[in-house]
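FYI, in numbering that gives the first Met the number 0 the residues of the first sequence are 0 to 237.
Each residue gets a CB set at the ideal place from its N, CA and C atoms; glycine is no exception.
Predicted model, so just to flag it, every value in this text is computed and none were measured.
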Amino acid sequence: MVLPREFFDRPSAKVAKDLLGKLLWRDTSEGKCGGRIVEVEAYEGAKDSAAHSYRGLTPRNASMFGPPGHAYVYAIHSRWCVNVVTEPEGVPTAVLIRAIEPLSGLELMARRRSESLLARRARQAAEGSGVFAVIDQTILPRRQRERLPTTSLPMLLRPRDLCRGPARLCEALAINRQQDGLDLTLGRELWIEEDAAFKLTPRQIARSPRIGISTAQERLLRFYIRNSQFVSGKRERI
DNA sequence: CGCCCGATGCTCT
DNA sequence: GAGCATCGGGCGG
Numbered sequence: 000m001v002l003p004r005e006f007f008d009r010p011s012a013k014v015a016k017d018l019l020g021k022l023l024w025r026d027t028s029e030g031k032c033g034g035r036i037v038e039v040e041a042y043e044g045a046k047d048s049a050a051h052s053y054r055g056l057t058p059r060n061a062s063m064f065g066p067p068g069h070a071y072v073y074a075i076h077s078r079w080c081v082n083v084v085t086e087p088e089g090v091p092t093a094v095l096i097r098a099i100e101p102l103s104g105l106e107l108m109a110r111r112r113s114e115s116l117l118a119r120r121a122r123q124a125a126e127g128s129g130v131f132a133v134i135d136q137t138i139l140p141r142r143q144r145e146r147l148p149t150t151s152l153p154m155l156l157r158p159r160d161l162c163r164g165p166a167r168l169c170e171a172l173a174i175n176r177q178q179d180g181l182d183l184t185l186g187r188e189l190w191i192e193e194d195a196a197f198k199l200t201p202r203q204i205a206r207s208p209r210i211g212i213s214t215a216q217e218r219l220l221r222f223y224i225r226n227s228q229f230v231s232g233k234r235e236r237i
């Protein structure tokens, strides 16, 4: 069942917690892929100094002010991250989807991630900037001494690393600013489904401060599945 | 493993 | 012009 608008028309922290275990699906001309949501963060708008909407409406964050159940996609450090807008229209709160456990379309996701990674390496090499350079007509780390890549593509693209982190997730699912504002309740292009067979007990849900923010670090608005290997950032040892 | 650092481009001041 | 809800590579332990 595709999650309906009412699901998202609730306090963002509640929506965040309830999104754990749900299935995120992406369908494009390249095919369908998706997986289980294992890590999210709530952003609480005007009362949350870490939220993009804290200082009011701008062209970038306009989707956060729109109706619940739509996507808010933004760029950070030349990468994309996707949120689901929550609470009634005009209340600019949202839930950042930080990681999924890939379950379907792994090949498609790996292809997109490897293409992006190789393109980034190639651009760095071509521009003579960054870590990579063209050495013997091959793109290698500039300071590579033995001329063998230390971090191989298969290593980076093992299932665990396909969608672990908000920007990797968007890369694997081909989500970018074109999906900003998209209605996620239609069950087309991008949507979230209930998985009736999958249940989480309260003990399996962990919460922590949000990752990578400087303000409001005392707020525990990051939620993740405690024993999942597909969660980004720090997890407690099992 | 953990920590540090640079890439890179968009957004808002 | 500064800041950023990130990522991947290098290096030290």
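Option nearest residue i by Cα separation, candidates the options
i: proline 91; options: Ser11, Thr27, Arg176 and Pro208; result: Ser11
i: glycine 33; options: Gln177, Val39 and Arg25; result: Arg25
i: glycine 30; options: Glu188, Leu19 and Asp8; result: Glu188
i: histidine 76; options: Tyr223, Leu219, Gly211 and Leu181; result: Gly211
i: isoleucine 49; options: Thr137, Arg209, Arg78 and Pro58; result: Residue identity differs from the one stated: residue 49 is alanine in this sequence, not isoleucine. With distances taken between Cα atoms, alanine 49 lies closest to Arg209.
i: aspartate 47; options: Arg119, Leu219, Ser231 and Tyr223; result: Leu219
i: leucine 163; options: Tyr223, Asp194, Ser213 and Thr200; result: Per the sequence shown, the amino acid found at residue 163 is arginine instead of leucine. The shortest C-alpha separation from arginine 163 is found at Tyr223.
i: glutamate 192; options: Gln203, Arg9, Gln123 and Gly20; result: Gly20
i: tyrosine 71; options: Gln216, Ala215, Thr214 and Ile174; result: Ile174
i: valine 14; options: Ala41, Leu107 and Trp79; result: Ala41
i: valine 83; options: Arg167, Ser231, Leu23 and Leu199; result: Leu23
i: aspartate 179; options: Thr137, Arg54 and Cys80; result: Cys80
i: glycine 232; options: Arg167, Lys198, Gly104 and Ala61; result: Arg167
Endpoints, the alpha helix (DSSP H) within which residue i is located
i: cysteine 162; result: Per DSSP, cysteine 162 belongs to no alpha helix (DSSP H) and is neither H nor E.
i: leucine 102; result: Unbroken run through leucine 102 is the beta strand (DSSP E), 92-103; no alpha helix (DSSP H).
Terminal residues of the beta strand (DSSP E) in which residue i lies
i: phenylalanine 222; result: 221-224
i: glutamate 40; result: 30-42
i: alanine 70; result: 70-75
DSSP-derived helix/strand/coil call for residue i
i: arginine 202; result: helix
i: arginine 146; result: Here arginine 146 scores only 46 on pLDDT, less than 50, and its place in the model should not be relied on; the value that follows carries that caveat. Of the three classes helix, strand and coil, the one that applies to arginine 146 here is coil, per DSSP.
i: lysine 21; result: coil
i: arginine 218; result: coil
i: valine 84; result: strand
i: arginine 110; result: helix
i: phenylalanine 7; result: helix
i: valine 230; result: coil
i: alanine 196; result: coil
i: leucine 181; result: coil
i: leucine 155; result: helix
i: alanine 49; result: coil
i: serine 207; result: strand
i: alanine 125; result: helix
i: arginine 236; result: For arginine 236, the predicted model reports a pLDDT of 44, less than 50, meaning its position is unreliable; a value from the coordinates is still stated below. Three-state DSSP puts arginine 236 in coil, outside helix and strand.
i: alanine 12; result: helix
Touch test, the segment 36-46 against the segment 219-227, Cβ-Cβ under 8 angstroms, three pairs minimum: These segments touch.
Three or more C-beta pairs below 8 angstroms linking the segment 84-100 and the segment 110-122: Counting C-beta pairs with one atom in each stretch, the segment 84-100 and the segment 110-122 have fewer than three that are closer than 8 angstroms, which means they do not touch.
Stretch-stretch touch, CB-based, cutoff 8 angstroms, three pairs: the segment 91-110 with the segment 55-75: The segment 91-110 makes contact with the segment 55-75, as at least three CB pairs between them are under 8 angstroms.
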